[in-house]
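Here is the structure we will look at, set down as structure tokens.
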Amino acid sequence: MSDKTAIVVGAGILGMATARALALKGYKVTIMEKSQQSLGASIRNFGMLWPIGQPDGQLYERAIRSREIWKEYLSDAKIPFDTCGSIHLAYDQEEQDVIEELYNHFSKSQRPVTVLSPTEILNKFNGINGENLKGALYSNDETIIDPREGIKNLPAYLKRYYNIDILWGTAVTNVTINTVWSFKTKYNADLICVCSGADFETLYPSKFKELPIIKSKLQMMRFVSKDTNFKIGTSVCGGLSLLHYKSFTASSSLDKLKEKIEATLPEYIKNGIHVMVSQNDRGELTVGDSHEYALDFEPFDNQYINELILNYLKKLMHIDNWELQQTWNGIYPKMTNGDTDLFLKMEPGVYIINGIGGNGMTLSFGFAEEAVAKI
Ligand SMILES: Cc1cc2nc3c(=O)[nH]c(=O)nc-3n(C[C@H](O)[C@H](O)[C@H](O)COP(=O)(O)OP(=O)(O)OC[C@H]3O[C@@H](n4cnc5c(N)ncnc54)[C@H](O)[C@@H]3O)c2cc1C
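Remember, the working numbering sits 6 above the position in the sequence shown when you count from 1.
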């Protein structure tokens with residue numbers, strides 16, 4: 007047993023994935039988390055493990071590796087997950103052109119995709135609105151987890167298999183070489199990784215001012231269906247989502263679709279809205295989202311944005327039977343220079359690992375292994 011020690015700041019998915027990767031390299035790891043439980047972006051998301059949004063190459067492979075680790079953990083902890091894939095529904099010719107091009111593109115790299123006809127969609131899945139439906143891109147790569155359960159139970163798994171400890175309610179107030187301070191208490195470690203998510207300004211205010219990084223606030227809703235047996239059978243997206251993910255820029259018709267959406271749905275573009283639905287094992291339906299970009303946000307949710315999301319959702323699904331249970335928002339940091347993550351050596355043995363944007367559930371486990379391999 008090695009006697010190397012590491013401290014990770016932050017018990018979100020990126021901090022816990024980093025702790026796991028460090029433990030695999032022989033470190034005795036302690037995570038320090040300022041809250042009494044993980045309350046950041048990692049419990050506020052859709053729980054979509056989303057390879058379809060990642061371009062071919064390193065990012066797609068990272069998503070597949072991360073999914074493998076999620077499944078290993080969730081299976082061991084007996085937490086349900088759904089390998090239900092995803093559909094992107096097309097309701098006009100511009101959307102249909104994009105999904106057909108994406109099908110050609112993804113199938114060349116052996117991804118498990120098909121184009122479904124309206125009849126196939128309505129036969130295979132429940133609750134989809136068939137009116138004006140032209141087709142859909144179905145992908146079998148996506149997995150849905152319940153992020154609240156998945157994140158809440160991860161610490162026990164990390165303790166059991168990797169001997170990782172978490173000090174809850176321990177705000178880190180300063181970091182120097184080999185030393186982490188929580189107010190007047192000092193902790194020593196050979197290696198320190200700061201995975202503080204959207205709270206990036208507390209520990210390194212001046213560094214973060216000069217970095218190309220911003221925060222994004224997303225509005226979310228949770229519904230239940232009055233029909234307790236209702237199961238969609240997949241996770242659902244529409245044309246707006248085709249504009250959202252990097253991997254979809256492989257379609258040459260995307261610009262034409264973007265022009266059309268900008269002209270017909272300007273409020274959606276202005277509020278960064280694209281509409282997605284995931285369903286967990288208890289049947290609850292998570293719906294979102296919008297994207298506001300700034301360094302600080304008002305804490306209040308905007309009902310107008312939720313109405314825009316729901317109006318668009320009605321085009322995709324029959325939702326008359328759904329009851330609203332919860333609304334919330336989540337915030338994550340995102341790189342503004344096109345980078346998909348931030349890995350920064352601050353001083354000897356001190357690293358910042360952050361900036362994974364809207365893909366942290368999909369990519370963190372794989373990214374953390376790659377980042378730790380570079381240390
Ligand atoms: C609404 C929403 C929907 C999303 N949907 C998806 C999705 O479906 N699929 C997907 O792949 N990704 C999704 N994402 C993105 C994903 O949730 C994030 O990329 C990921 O959770 C970021 O993880 P993190 O560990 O960096 O941040 P966080 O989960 O925010 O964790 C950071 C932790 O650091 C702690 N911390 C900060 N400063 C200190 C300090 N000084 N001392 C001690 N502790 C500290 C915080 O308390 C917090 O617990 C979504 C994000 C949001 C907000």
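All residues carry an ideal CB built from backbone N, CA and C; glycine is no exception.
With a minimum length of 3 residues, the unbroken runs of beta strand (DSSP E) contained wholly in the segment 44-116 fall at 92-96.
In the DSSP assignment, GLN42 falls outside any beta strand (DSSP E) and carries neither an H nor an E. Remark: C-beta atoms of SER241 and PRO153 do not approach each other more closely than 8 Å.
Across the structure, GLY21 and LYS140 are spaced so that their CA atoms are roughly 42 Å apart.
Note that the C-beta distance between ASN308 and GLN225 is below 8 Å.
Per DSSP, PRO272 is one residue of the alpha helix (DSSP H) stretching across 272-276.
A heavy atom of ligand 1 is found nearer than 7 Å to the CB of CYS201. Between ligand 1 and the CB of ILE13, the shortest heavy atom gap is not smaller than 7 Å. With fewer than 16 other beta carbons inside 10 angstroms of its own, PRO272 counts as exposed. If you ignore the 5 residues before and after PRO124, its C-beta comes within less than 8 Å of the C-beta of GLY136, LEU139, LYS140 and GLY141, all in its own chain and listed in chain order.
Around the beta carbon of ALA195, a 10 Å sphere encloses 16 or more other beta carbons of the protein chains shown; the residue is thus reported as buried. Here the C-alpha atom of THR182 lies approximately 37 Å from the C-alpha atom of PRO61. Three or more Cβ pairs closer than 8 Å define a contact, and the segment 289-308 falls short of that threshold against the segment 162-178. GLY203 is positioned such that its CB atom lies no closer than 8 Å to that of GLY63. Relative to ligand 1, even the nearest heavy atom lies 7 Å or more away from the CB of ARG154. Here LEU301 is exposed: its Cβ has fewer than 16 other Cβ atoms, across all protein chains shown, within 10 Å.
Distance check between GLU268 and each of LEU249, MET367 and VAL283 places LEU249 closest, using alpha-carbon atoms only.
Remark: the C-beta of MET352 is outside contact range of ligand 1, defined as less than 7 Å to any heavy atom. Within 7 Å of the C-beta of ASN159 there is not a single heavy atom belonging to ligand 1. Contact between MET341 and VAL283 does not hold, since the beta-carbon distance rounds to 27 Å and is not under 8 Å. Under the three-state reduction of DSSP output, LYS351 falls in the strand class.
A contact between stretches requires three or more CB pairs, one per stretch, nearer than 8 Å, and the segment 33-44 meets this requirement with the segment 171-180. For ligand 1, no non-hydrogen atom lies closer than 7 Å to the CB of THR36. DSSP, reduced to helix, strand and coil, places SER253 within a helical segment of the structure shown. One Cα belongs to GLY16, the other to GLU100, and the distance between them is close to 43 Å.
Judged by their CB atoms, SER258 and GLU107 are nearer to each other than the 8 Å cut-off.
In the DSSP assignment, PRO153 falls within the alpha helix (DSSP H) that extends over 153-168.
Rounded to the nearest angstrom, the gap between the Cα atoms of SER92 and LYS320 is 18 Å. For MET323, no alpha helix (DSSP H) segment is defined, and its DSSP state is neither H nor E. TYR33 and LYS276 have their C-alpha atoms roughly 46 Å apart.
Boundaries of the alpha helix (DSSP H) harbouring ALA377: 366-380, taken from the DSSP string. Residue pairing from DSSP places ARG228 in a beta bridge opposite THR292 and GLN332. Of the residues assessed, THR234 falls on the exposed side of the cut-off, its CB having fewer than 16 other CB atoms within 10 angstroms. Residue state for GLU304 is assigned as coil, using DSSP reduced to three classes.
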